[in-house]
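Q: Mind looking over this structure? Questions follow.
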Amino acid sequence: MTPAPDSAPAQVSGTAPASGPGSPGSPDDVLAVRNLDVAVGGRGLVEDVGFTIRAGERVGLIGESGSGKSLTALSVMGLLPEGLRATGSVRLAGVGHDLVGADEARMSRVRGKEIAMVFQEPMTALNPTMRVGRQIAEVLLIHRTRPDRASAQAAAVELLDQVGLADPAAAARAYPHQFSGGQRQRVVLAIALANDPALLVCDEPTTALDVTVQARVLDLIVRGVRDRRSAMLFITHDLAVVATVCERVMVMYGGRLVESGPVREVFTRPRHRYTQGLIGASDLTVVDDRGRLATIGGSVPQAGRFPAGCVFRNRCASATEECATRPEWVPTGPDSGYACFHPVPENGARGSRIPTNQEAGRD
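Shown next, in the form of structure tokens:
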């Protein structure tokens, strides 16, 4: 896979965004998230999340299950489950209103056109009673990017060809159950890319696929956004996937962003203690003197019941009384920063060697 050239950096905030809460973003920003909170029944699930993504930029969002990654993505899409409430601001380039609080009529004009999503399980995103060609054509017709059904159907066949389905004309006439899991995910990708969205959100899109199929789908995703100059927010727990497809990475834990920066920098020189532990636990080549793989002690706190102060302090070997206070965001560069009172020293222990996207795809 040949990655796109590095584009302008993502700005990220933890407790105190480097650009300041509510401050104007760059004109190149495709997505600007400010002070995003998600709560249910008065319990906070996501807290004070802020970041921007610029045109053509591919940004990963990583963390353990329960960290708030998917809730952040669903907030951006306006698809939070009933009972959950988002506050703050989510602005998308070319859209004249804030996505937070927008009614469904407004969001339906944005989703599928300006912003699109690839979900983890394709069968939940596809209509089992409708031929896949028609499902793609409907997205084009709803947003009026094709003048009539005949041209929309022709475009659907072309899109199925772009995502690598053999005999795309026959594929367009098939139903979702007639495809394998990897083929269905290609159909979902074709639907998501149909209207050349400014931002593609991918939520664990390859988790259910075997390794060989996963590699091909990842390649199609990167090629799809690169060819369209679309930005991408890629949510996953798989660090190697982020290293393959992303330029920047944001690390989330306990509903907050705890570190951000270029993939190579974060994966080889992590500053937050959680990031260091996450990378260490992902390296299957390193064992202790008893032959055991590295782990992070304890478990992710129950959603909405995170400890006060630093959300990682109950699992951190370096925690002190100071960590009972919430750490401020420490910027280390235009696209880098962390929120930790006791960061990994710059000359201290490093992360494991995980291939960056610049190395991915080399034979």
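Numbering (our numbering), first residue to last: -3 to 359.
All C-beta atoms in this analysis are idealised placements derived from N, C-alpha and C, irrespective of residue type, glycine included.
These numbers were taken from a predicted model, which means no experiment stands behind them.
Roughly how many angstroms lie between the CA atoms of residue 75 and residue 313, to the nearest whole one?
A: Residue mapping note: residue 75 aligns to position 79 of the sequence shown, counting from 1. Residue mapping note: residue 313 aligns to position 317 of the sequence shown, counting from 1. The alpha-carbon atoms of residue 75 and residue 313 are separated by roughly 37 Å.
Q: For residue 340 versus residue 269, is the C-beta distance shorter than 8 Å?
A: Position 344 of the sequence shown, counted from the start, is the residue given in the question as residue 340. Position 273 of the sequence shown, counted from the start, is the residue given in the question as residue 269. Closer than 8 Å, so yes.
Q: Does DSSP put residue 138 in a helix, in a strand, or in coil?
A: As a working mapping, residue 138 is identified with position 142 in the sequence shown. Of the three classes helix, strand and coil, the one that applies to residue 138 here is helix, per DSSP.
Q: If you run the structure through DSSP and keep just helix, strand and coil, what is residue 123?
A: Taking the sequence shown and counting its residues from 1, the one referred to as residue 123 is at position 127. Looking at residue 123 - three-state DSSP - the assignment turns out to be coil, as it is neither helix nor strand.
Q: Report the rounded CA-to-CA distance for residue 42 versus residue 61, giving the unit in angstroms.
A: Here residue 42 is taken as the residue at index 46 of the sequence shown, counted from 1. Here residue 61 is taken as the residue at index 65 of the sequence shown, counted from 1. Each residue's Cα considered, the two are about 13 Å apart.
Q: Which runs of the beta strand (DSSP E), 3 residues or longer, sit entirely within the region 179 to 234?
A: 195 to 199, 227 to 232
Q: Can you grab the Cα-Cα spacing for the pair residue 308 / residue 199, in whole Å?
A: One-based indexing of the sequence shown puts residue 308 at position 312. One-based indexing of the sequence shown puts residue 199 at position 203. Computed Cα separation, rounded: 24 Å.
Q: In whole angstroms, give me the CA-to-CA distance for residue 224 and residue 63.
A: For the purposes of this step, residue 224 is taken as the residue at position 228 of the sequence shown. For the purposes of this step, residue 63 is taken as the residue at position 67 of the sequence shown. Residue 63 has its alpha-carbon roughly 31 Å from the corresponding atom of residue 224.
Q: Note down the Cα distance separating residue 257 from residue 31, rounded to an integer number of angstroms.
A: Within the sequence shown, numbered from 1, the residue matching residue 257 stands at position 261. Within the sequence shown, numbered from 1, the residue matching residue 31 stands at position 35. Cα to Cα, residue 257 sits roughly 19 Å from residue 31.
Q: Return the chain-ordered list of same chain residues with a C-beta closer than 8 Å to the C-beta of residue 59, the five sequence neighbours on each side being excluded.
A: For this step, residue 59 is matched to residue 63 along the sequence shown. Excluding sequence neighbours, residue 59 sits near 65, 233, 247, 248, 249, 274.
Q: Consult DSSP for residue 310 and reduce its assignment to one of helix, strand or coil.
A: Taking the sequence shown and counting its residues from 1, one reaches residue 310 at position 314. In the three-state DSSP reduction, residue 310 falls in the helix class (H, G or I).
Q: With DSSP run on the structure shown, which of helix, strand or coil describes residue 244?
A: Indexing the sequence shown from 1 puts residue 244 at position 248. Correct three-state label for residue 244: strand.
Q: Can you grab the Cα-Cα spacing for the pair residue 251 / residue 297, in whole Å?
A: As a first step, residue 251 is located in the sequence shown; it is residue number 255 there, counting from the start. As a first step, residue 297 is located in the sequence shown; it is residue number 301 there, counting from the start. Approximately 10 Å, taken between the alpha carbons.
Q: Determine the extent of the beta strand (DSSP E) in which residue 291 is found, giving its start and end residues.
A: Residue mapping note: residue 291 aligns to position 295 of the sequence shown, counting from 1. Premise fails: residue 291 is in no beta strand (DSSP E) and is neither H nor E.
Q: Would you call the CB atoms of residue 241 and residue 54 closer than 8 Å?
A: As a first step, residue 241 must be located in the sequence shown, where it is residue number 245. As a first step, residue 54 must be located in the sequence shown, where it is residue number 58. For residue 241 and residue 54, yes; Cβs fall inside 8 Å.
Q: In three-state terms, what does DSSP make of residue 47?
A: Position 51 of the sequence shown, counting from 1, holds the residue named residue 47. Reduced to three states, the DSSP call for residue 47 is strand.
Q: Which residue comes first and which comes last in the beta strand (DSSP E) that contains residue 327?
A: In the sequence shown, residue 327 corresponds to position 331, counting from 1. That run of the beta strand (DSSP E) goes 326 to 329.
Q: To the nearest angstrom, how far is it from the Cα of residue 343 to the Cα of residue 264?
A: Taking the first residue of the sequence shown as 1, we reach residue 343 at position 347. Taking the first residue of the sequence shown as 1, we reach residue 264 at position 268. Their backbone Cα atoms lie some 12 Å apart in a straight line.
Q: Let me confirm a value: residue 207 is counted as buried when at least 16 other C-beta atoms fall within 10 Å, else exposed. Which label applies?
A: The sequence position of residue 207 within the sequence shown is 211, counting from 1. Per the 10 Å Cβ criterion, exposed.
Q: DSSP on residue 39, reduced to helix/strand/coil?
A: One-based indexing of the sequence shown puts residue 39 at position 43. Strand.
Q: From 69, 40, 39, 186, pick the residue whose C-alpha is nearest to that of residue 29; which is it?
A: Taking the first residue of the sequence shown as 1, we reach residue 29 at position 33. Of the candidates 69, 40, 39, 186, the one whose C-alpha sits nearest the C-alpha of residue 29 is 69.
Q: Going by DSSP, name the residue or residues bridged to residue 83.
A: Position 87 of the sequence shown, counted from the start, is the residue given in the question as residue 83. In the DSSP output, where bridge partners are listed per residue, residue 83 has 33.
Q: With respect to the alpha helix (DSSP H) encompassing residue 256, which residues constitute its N-terminal and C-terminal limits?
A: In the sequence shown, residue 256 corresponds to position 260, counting from 1. Run containing residue 256: none in the alpha helix (DSSP H); it sits in the beta strand (DSSP E), 252 to 258.
Q: Measure the alpha-carbon distance for residue 216 versus residue 202 and round it to whole angstroms.
A: Counted from its first residue, the sequence shown places residue 216 at position 220. Counted from its first residue, the sequence shown places residue 202 at position 206. Residue 216 and residue 202 have their C-alpha atoms roughly 12 Å apart.
Q: Mind reading off the beta-carbon distance from residue 195 to residue 26? Whole number of angstroms is fine, and I expect it under 8 Å.
A: One-based indexing of the sequence shown puts residue 195 at position 199. One-based indexing of the sequence shown puts residue 26 at position 30. Correct: roughly 5 Å between the Cβ atoms.
Q: Answer yes if the region 178 to 197 comes into contact with the region 107 to 120, meaning at least three C-beta pairs across the two stretches below 8 Å, and no otherwise.
A: yes
Q: Could you compute how far the alpha carbon of residue 87 sits from the alpha carbon of residue 93?
A: As a working note, residue 87 is residue 91 in the sequence shown. As a working note, residue 93 is residue 97 in the sequence shown. Spanning the two alpha carbons is a distance of roughly 7 Å.
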